[in-house]
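All residue numbers for the sequence shown refer to the working numbering, where the first residue is -6 and numbers rise by one.
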Amino acid sequence: MNYGVVTVVAYWLLWLVITTEDLLGLAGAHAFGVGGTVVYLGLGLVVFLTGAIVYGIVAQEIDARRPGRGPATH
């Protein structure tokens, strides 16, 4: 299985546990006029996008360092 898929699934499962168990205590929170569920969804999106960006940068660096996988030079 692709490392990226495993990473995304791990992020999703971790966020599912955090939101289901209300580990951040935000279920009753109200921020910017929205309830806790919307806050969790927004934070989840930020966490997911940050993870995807970091993974993309790291994956590019790892891939570029592999022999024969660098930029074309011909």
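Ideal Cβ placement from N, Cα and C applies to all residues, glycine included.
Since this is a predicted model, take the numbers as computed values, not measurements.
Check                                                                                       : Outcome
Own chain, CB closer than 6 Å to residue 34, minus 5 neighbours either side, in chain order : none
Length of the line joining the Cα atoms of residue 37 and residue 21                        : 17 Å
Extent of the continuous alpha helix (DSSP H) run through residue 56                        : 29 to 58
CB contact flag (residue 80, residue 44, <7 Å)                                              : Only positions -6 to 67 of the chain appear in the structure, and residue 80 is not among them; the question remains open.
Alpha-carbon to alpha-carbon, residue 0 and residue 6                                       : 10 Å
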